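Quick note on our numbering: the sequence shown kicks off at 456 and runs consecutively. We treat Cβ as the ideally placed atom computed from N, Cα and C, and that holds for glycine. Predicted, not measured: the structure shown is a model, and the values here were computed from it.
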Amino acid sequence: MTFTPEYSMGVSTTMDEQVIFDTGFEEGSLEISYADGVMTLEAFLTDTDGKTHHVTYTGKAEYQIDNGGGNEPPLEEDLHIDGTYAAATYMSDNNGVMEIYLQINGQETDADGNILFPLPILYINVWMPLDEDGHLAAGTYRVTDSYGEDGTLRPGEYVQYTGIGVLPMGTRADHITESGTYVGLIADGEMTVSGEAGAYSVECSFLTAESRSVTCSWSGDVTGHGDGTCTFEFSFLDDKGNTWDGKWTGTLSVRSSSGIKQMTLF
């Protein structure tokens, strides 16, 4: 098994998307093993500046479809998602408020378990009161450019990252069809969460940047991600000649692009 430098990189950002470090990897080794459904990963990597990095991870891994870098056509029609699956990924917390990525998936399958098209997926970037058990807080959350406070949702946008390219960030709807993926960057609207752990009810009413309506309904439990531990040890030289050494711990997702596994640290 091999991996390619073209799709291997590490990025760390602050909560307001300021880049702490952004580097590519030229060589290294990656070992992956599983025991009782738990993945263990250990990598020794050398970046483009010759610095070495040690990455370890034990826990769950979230696999996502990498839908590209900003060249997707915008959503062309109104979209309603009757959720069949929901997952929440913890991102960070600050002053009693946690940032969550909530994914509501409207996938349907045939008798053999194959996913049917079209496949609608809603990604919701939300801030709510910190819960140590990872439970969602009931309330109404609105899309605003002043996101980061309790009760706010980040609008959808494409963000350019040096060394990586353009990535979709914030709240968005993907409509994946047999002919391609259409993306609706959410510009306005709100989400309401009611109920409690194991029996949530989520209702969404959004508008995209092109004024397409995106609505969703979901009732049930929400699968949690981000309970594994990923440690990234780094050493790099910034553009002012300062050397930075440290260790960062967070969650790990694994993206697939053209059949190549890419490791992304958040």
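For the pair of segments examined, the segment 585 to 592 was found to touch the segment 645 to 660: the number of CB pairs separated by less than 8 Å reaches three.
In this structure, L640 is the residue among L591, L640, T539 and V648 with its C-alpha nearest to the C-alpha of S666.
Remark: C-beta atoms of S672 and D533 do not approach each other more closely than 8 Å. When DSSP assignments are scanned along the segment 597 to 658, the uninterrupted stretches of beta strand (DSSP E) that are 3 or more residues long and fall wholly within it turn out to be 612 to 616, 620 to 624, 627 to 632 and 635 to 651.
Apart from the 5 residues on each side of it in sequence, Q562 sits with its Cβ closer than 7 Å to the Cβ of T539, Y540, I570 and L574 in its chain, given in chain order. For the set Y616, M646, P623 and E645, the Cα lying nearest the Cα of T478 is the one of Y616. Residue nearest to V493 within the set T513, H590 and I631 is T513 (criterion: CA-CA distance).
For P584, the uninterrupted beta strand (DSSP E) run begins and ends at L574 to P584, by DSSP. L622 and A490 have their alpha carbons spaced roughly 33 Å apart. Of the residues L577, A592, L557 and N580, the one whose Cα lies closest to the Cα of G551 is A592.
Cα atoms of T501 and S488: separation of roughly 21 Å, rounded to the nearest angstrom.
R597 is classed as exposed because its beta carbon has fewer than 16 other beta carbons within 10 Å across all chains shown.
In this structure N580 is in contact with Y556, their Cβ atoms being roughly 6 Å apart against a cut-off of 8 Å. Counting every other CB atom within 10 Å of its CB across the protein chains shown gives H535 a total below 16, marking it as exposed.
Beta-bridge analysis with DSSP links L662 to D643 and S668. Separation of G644 and L530 (C-alpha to C-alpha, rounded to the nearest whole angstrom) is 16 Å. Counting the other CB atoms within 10 Å of its CB gives T564 a total below 16, which places it among the exposed residues. Of the candidates Q558, L496, Y578 and D567, the residue whose Cα lies closest to the Cα of T663 is Y578.
Where E554 is concerned, the enclosing beta strand (DSSP E) starts and stops at V552 to N560. Of the other Cβ atoms in all chains shown, fewer than 16 fall within 10 Å of the Cβ of F572; this residue is therefore exposed. Rounded to whole angstroms, the separation of the alpha carbons of V669 and D629 is 10 Å.
Collapsing the DSSP output to three states places T503 in coil. Under the three-state reduction of DSSP, S488 is assigned to strand. With 16 or more other Cβ atoms from the protein chains shown falling within 10 Å of its own Cβ, G465 counts as buried.
Our two residues, A542 and I559, have alpha carbons roughly 7 Å apart in a direct line.
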